[in-house]
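Here the structure comes first, spelled out in structure tokens, and everything after it is commentary.
Residue numbers (this note's numbering): 473 to 709.
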């Protein structure tokens, strides 16, 4: 069993983090990063539950992601941060549009998670194109944005402006594709666009100091989507 003093001891440990005044009289901060490894990945066990009472940021490592070699293996829906409002103004200053794009991306991943339950039972073929689009773009979001390689020079570190540019690129594809599917264009046509593989590889292809190349890729994506829309439009006159 666990000692009755477990909650108190954990609280005493984590409350040491925060803003501090050093012995030299300077203002600084102490950040505490703890790791809890519950047996069998059971987050309901006491140490995990009490730890989550005293923290404002939680990274849930996921075994399935690790087995799939998706790194970092942090589950994007089980993890959370209560510092979003605190840092939101800074992010908006560094990369305008961050708050809206972050919310849209999380919503997309939540919808994909629900659809995966259906896919596991009956397969993806029974879904309409509008829902299969969610699965398609969510995979691009995972592989082209959330996954990261410490061995890739362009991917080991990402400045805020580049993060937002990558996210905006993927979500533009999602929004415009929604419109095209509603207009009757099949998802199969969208998947064959030449720009799609480039969108997935953008994070590895373009570095932090190449924003113009990301902007050029977004323009090519817009052009290809517009061309597809025009090629399937009924003739006028």
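Note that CB positions come from ideal geometry on N, CA and C, so glycine has one too.
Notebook entry, point to check: Residues in its own chain within less than 8 angstroms of residue 585 by CB, not counting five upstream and five downstream?
Noted result: 549
Notebook entry, point to check: Can you list, in chain order, the residues of its chain whose CB lies under 6 angstroms from that of residue 560, leaving out five sequence neighbours each side?
Noted result: 571
Next item on the list: Would you mind sorting residue 715 into buried or exposed? The rule is 16 or more other CB atoms within 10 Å of its CB.
Entry: Since the first residue of the chain shown is 473 and the last is 709, residue 715 is not available in this structure.
Check: For residue 532 versus residue 551, is the C-beta spacing smaller than 8 angstroms?
Finding: yes
Next item on the list: Check each candidate in 504, 520, 675 and name the one with the smallest Cα separation from residue 510.
Entry: 520
Margin query: In whole angstroms, give me the CA-to-CA distance for residue 573 and residue 493.
Written below: 36 angstroms
Margin query: Can you check which of these residues, 485, 490, 513, 508, is closest to residue 502 by C-alpha distance?
Written below: 490
Next item on the list: Name the one or two DSSP bridge partners that residue 512 has.
Entry: DSSP lists no partner for residue 512.
Next item on the list: Might you give, ordered along the chain, the residues of its own chain that have their beta carbon closer than 7 angstroms to the beta carbon of residue 522, omitting 5 neighbours on each side?
Entry: 478, 479, 482
Margin query: Using C-beta distances below 6 angstroms, list every residue in its chain close to residue 697, excluding the 5 sequence neighbours before and after it, in chain order.
Written below: 648
Notebook entry, point to check: How should residue 610 be labelled, buried or exposed, when 16 other C-beta atoms within 10 angstroms of its C-beta is the threshold for buried?
Noted result: buried
Notebook entry, point to check: Just how far apart, CA to CA, sit residue 643 and residue 496?
Noted result: 47 angstroms
Notebook entry, point to check: Do the segment 575–585 and the segment 623–636 meet, that is, are 3 or more Cβ pairs less than 8 angstroms apart?
Noted result: no
Note to self: Beta-carbon within less than 6 angstroms of residue 620's beta-carbon, same chain only, minus the 5 sequence neighbours each way: which residues are those?
What the structure shows: 627
Next item on the list: Just tell me which of 507, 498, 499, 473 has its CA closest to the CA of residue 451.
Entry: The chain is shown only over 473 to 709; residue 451 falls outside these bounds and no answer can be derived.
Margin query: Quick check on the burial criterion: 16 or more other C-beta atoms within 10 angstroms. Buried or exposed for residue 536?
Written below: exposed
Check: What do you reckon, is the C-beta of residue 519 under 7 angstroms from a heavy atom of the ligand NAP?
Finding: You won't find the ligand NAP in this model; it holds no ligand whatsoever.
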